[in-house]
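So the sequence shown is numbered by this note's numbering: it starts at 279 and just counts up by one.
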Amino acid sequence: MAILNINSSKFYYELHGNGIPLVLIAGLKGEHANWVPILDALTKRYQVLIFDNRGVGQTIDSGEPFSVETMADDIMGLINKLDLKKPHLVGHSLGGAIAQKVAHKYAGEIGSIALCNTFAKFNDTGRKVFFDILMLHQANASPADIMDGIIPWAFSKKFLSPELIKIIQKASNENLYSQSLSDYSRQLQALYDFDSRHWVSTIDIPTLIIGSEDDMLATSKESQELARKISEARLVIMPTSHASYIEQPSDFVKHLDNFYNGLARQGGPI
């Protein structure tokens with residue numbers, strides 16, 4: 279657990295395990311702790327960097343508006359400060375948008391990207407859902423009430439249970455670093471502004487795309503479209519909703535392992 283000064287901001291990060299470096303990039307409102315469901319499994323083989331993005335958790339920045347490109351520059355700053363050589367990026371939702379921008383801007387400095395439950399442009403359903411979350415923030419709703427607005431879109435009905443909902447609500451209300459209205463607004467605007475449709479086909483590094491059958495925020499069709507446009511892409515569709523790595527953590531890790539093992543067999547950058 280530590281803080282690094284990157285681009286005039288103080289980034290909270292943690293490094294776990296040893297081996298091939300993986301950088302896990304969380305989505306909108308997501309903190310480093312979001313990756314706990316898969317962290318232990320990954321650290322058996324990889325050196326894993328988890329951190330709080332600009333505008334969330336324990337990372338502190340200027341409070342000014344920013345873009346997905348700013349967040350991509352942040353990540354490269356972390357990678358360089360920590361001296362991670364050719365790391366592999368795993369980005370979920372907004373994190374997948376950031377990973378696309380890193381691959382577009384810094385292709386020679388990373389080994390591969392895994393784009394998980396993400397898109398070339400945030401769809402209308404996602405915009406409506408998270409605008410409603412903005413309204414809850416503006417109404418000073420509790421963190422648990424805000425999460426209640428997200429839960430049905432993040433998880434499939436077959437995964438959810440009353441007990442799980444209570445656990446999520448309790449954890450949300452007890453979070454000492456709940457996202458502020460201002461920080462949520464800035465992250466949401468960066469996501470609204472993101473659009474890789476005119477350049478995503480130029481990404482030419484090994485890419486894994488993980489989509490989900492029941493995801494309405496980043497539909498399986500959007501995952502398929504990304505796979506068609508990125509020449510080096512491999513596509514996997516999971517029987518989950520948006521939070522695929524939480525619903526089926528073991529299978530999610532297996533998909534990553536298979537992808538990296540395939541790169542190794544091909545003599546790729548791993």
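Beta carbons: idealized from backbone N, C-alpha and C, even for Gly. Everything numeric in this text was worked out from a predicted model, so none of it was measured.
Rounded distance between the beta-carbons of residue j and residue i, thought under 8 Å
| i | j | result |
| --- | --- | --- |
| S522 | S501 | With a Cβ gap of about 10 Å, S522 and S501 do not count as contacting. |
| I508 | V478 | 6 Å |
| S434 | S519 | 4 Å |
| D352 | F289 | 7 Å |
| S450 | M413 | The pair is not a contact, with the Cβ atoms about 17 Å apart (cut-off 8 Å). |
| T337 | D330 | 4 Å |
| E399 | D473 | Looking at the sequence provided, one finds Lys at residue 399 rather than Glu. Indeed, because the Cβ distance is near 5 Å, the residues count as touching under 8 Å. |
Unbroken beta strand (DSSP E) run spanning residue i, endpoints
| i | result |
| --- | --- |
| Q325 | 324-329 |
| P299 | 298-303 |
| T321 | Where T321 is concerned, there is no enclosing beta strand (DSSP E), although the alpha helix (DSSP H) it sits in stretches over 314-321. |
| I338 | Looking at the DSSP string, I338 is not in any beta strand (DSSP E), and its letter there is neither H nor E. |
| A449 | From DSSP, A449 is part of no beta strand (DSSP E) but of the alpha helix (DSSP H) over 440-452. |
| E525 | Segment 522-525 is the alpha helix (DSSP H) holding E525; no beta strand (DSSP E) there. |
| A311 | Note, A311: premise wrong, no beta strand (DSSP E); not H, not E. |
| I481 | From DSSP, I481 is part of no beta strand (DSSP E); its letter is neither H nor E. |
| E292 | 287-294 |
| A262 | Nothing about residue 262 can be reported from this structure: the residues present for the chain run from 279 to 548 only. |
C-beta contact flag for residue i and residue j at 7 Å
| i | j | result |
| --- | --- | --- |
| T485 | A468 | no |
| E309 | V346 | no |
| I284 | G355 | yes |
| L372 | L306 | yes |
| L367 | A375 | no |
| Y324 | G297 | yes |
| A311 | T396 | no |
| I411 | G386 | no |
| F408 | E525 | no |
| I515 | S498 | yes |
| I487 | L459 | no |
| Y462 | H415 | yes |
Residue i in three-state terms, based on DSSP
| i | result |
| --- | --- |
| F344 | coil |
| I487 | strand |
| M425 | helix |
| G386 | helix |
| F472 | coil |
| L306 | coil |
| F397 | coil |
| L282 | strand |
| Y261 | Nothing about residue 261 can be read from this structure; the chain reaches only from 279 to 548. |
| K532 | helix |
| L367 | strand |
| M494 | coil |
| A542 | helix |
| L360 | coil |
| A392 | strand |
| K379 | helix |
| F537 | helix |
| A350 | helix |
| A419 | coil |
| S519 | coil |
Alpha helix (DSSP H) segment containing residue i, residue limits
| i | result |
| --- | --- |
| E500 | 498-507 |
| L414 | 402-416 |
Touching by the beta-carbon criterion (3+ pairs, under 8 Å), the segment 425-434 and the segment 399-411: yes
Validate contact between the segment 383-393 and the segment 358-367 using beta carbons, cut 8 Å, 3 pairs: yes
Three CB pairs or more closer than 8 Å across the segment 309-318 and the segment 414-422: no
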